[in-house]
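Residue numbers (our numbering): 9 to 299. Worksheet for the structure shown next.
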Amino acid sequence: LYFSSLTVDRVVYRFQYFFGHSLVHRDEAVGITMDFPPTKLDYHEDMFNLQSQSRFLSLFKAQDGRIALILESTVLYPQGGGQPSDTGLIVFSGSDFKFSVQDVRSKDGIVLHYGVFEGSNPDIGMDIEKGKDVYLTVDESRRKLNSRQDNLVLHSAGHLLDLCMQKVGLGHLAPGKGYHFPDGPFVEYKGSVPQGEMAVKQKELEAEANDLITKGGKVYVAILPYEEASVLCGGNLPDYISKGSTPRIIKLGDSPGCPCGGTHVSDLSDIIAMKMRTKKGITKVFYTIAS
9 LYFSSLTVDR VVYRFQYFFG HSLVHRDEAV GITMDFPPTK LDYHEDMFNL
59 QSQSRFLSLF KAQDGRIALI LESTVLYPQG GGQPSDTGLI VFSGSDFKFS
109 VQDVRSKDGI VLHYGVFEGS NPDIGMDIEK GKDVYLTVDE SRRKLNSRQD
159 NLVLHSAGHL LDLCMQKVGL GHLAPGKGYH FPDGPFVEYK GSVPQGEMAV
209 KQKELEAEAN DLITKGGKVY VAILPYEEAS VLCGGNLPDY ISKGSTPRII
259 KLGDSPGCPC GGTHVSDLSD IIAMKMRTKK GITKVFYTIA S
């Protein structure tokens, strides 16, 4: 893990770290009437369920030629909060229609499943009737832990880093941008660390993270009333969480919780280990996980 002097060193998706808005392609917002209720997010209730049933609401072809399906609910995670989207398969009940989901995004609470219909004719499913039952399956190899540089592990490691920042005396640096993709995951914090302290803080962060990983701890996730969520998060919630809402909270072991809409490991020990490095500049902390 290291601190970088660059504000952005790659094409980074813009989002709020804890409750980030998904990246939306420009063609999604052009000429499309999104007159649908918010998509129910089944993975919020059970992160480890990889299958669900829903109903088909609509589809459209984007300007780039991709097809997007809109459903009542989904078990597929849309890209956001620094975490890549799931991929998977949608099968239509009572027909041979199968839709390969290559990307998932969210627009104003409506989840868009981008992909193609399987078969020789890619437009074969364009006239499917509204209300048809569908069955969704998540690509387990992308969601789960068969690859140690997996999205789910990297996202959890990013939250663990936030916790360790507090434990080594850097809790006054509020987390900003985060990027939990395999090609260089990082969390950027608001503020800076004095040049003379960076090497020491690097070692302290790495030691603290690996100590917590070695001890392990269950990862708790729940959707709670505002007041209960506030207590679980140490007595307060970020300003962007509106009072009276029911935020989704993640809690790592015995540590205070925080709002998050992403998917995570079931135990801190699943991360295995974290490696950290430091570099002068703004407090942008890169991390890697053990293979």
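Ideal Cβ positions, reconstructed from N, Cα and C, are used throughout, including at glycine. As the structure is a computational prediction, the values presented were derived from the model and not from experiment.
- According to the DSSP assignment, S238 belongs to the alpha helix (DSSP H) that extends over 234-240.
- Residue environment: S149 is assigned as exposed (fewer than 16 neighbouring CB atoms within 10 Å of its CB, all protein chains considered).
- E196 and K185 have their C-alpha atoms spaced approximately 5 Å apart.
- Looking at the backbone, the Cα of I279 and that of T82 are separated by about 26 Å.
- Residue state for Y85 is assigned as coil, using DSSP reduced to three classes.
- Residue state for M282 is assigned as strand, using DSSP reduced to three classes.
- The beta-bridge partner set that DSSP reports for G96 consists of V109, V146.
- Contact between the region 228-235 and the region 130-145 is absent: fewer than three C-beta pairs spanning the two stretches fall below 8 Å.
- When the beta-carbon positions are compared, D94 and D147 come within less than 8 Å of each other.
- The continuous alpha helix (DSSP H) containing E212 extends over residues 206-223.
- Between F56 and I118, the C-beta gap is not smaller than 8 Å, which leaves the two residues out of contact.
- Judged by beta-carbon spacing, G127 lies beyond the 8 Å limit of G269, meaning their Cβ atoms are not closer than that value.
- In the three-state scheme derived from DSSP, where H, G and I count as helix and E and B as strand, V201 is classed as coil.
- Here the alpha carbon of D262 sits roughly 41 Å from the alpha carbon of F64.
- Take V142, set aside five residues on each side of it, and the residues of its chain with a beta-carbon closer than 6 Å to its own are S62, F64, I98, F100, in chain order.
- Straight-line spacing of the CA atoms in D170 and S164 works out to 10 Å.
- Inter-residue distance for L84 and G123 is about 13 Å (C-alpha atoms, whole angstroms).
- Under DSSP, L79 takes part in a beta bridge, and its partners are F64.
- In the structure shown, the three-state DSSP call for C172 is helix.
- Using a 10 angstroms sphere on the CB of V273, the tally of other CB atoms reaches 16 or more, which defines it as buried.
- Beyond the five residues adjoining it in sequence on each side, L162 comes within less than 6 Å, by CB distance, of H188, P193 in the same chain, given in chain order.
- With fewer than 16 other Cβ atoms inside 10 Å of its own Cβ, S253 counts as exposed.
- In this structure, the beta-carbon distance from L276 to V227 falls below 8 Å.
- Here D262 carries a coil assignment [DSSP, helix/strand/coil].
- When beta bridges are read from the DSSP output, S114 appears opposite V119.
- Taking the Cα positions, R113 is about 6 Å away from Q87.
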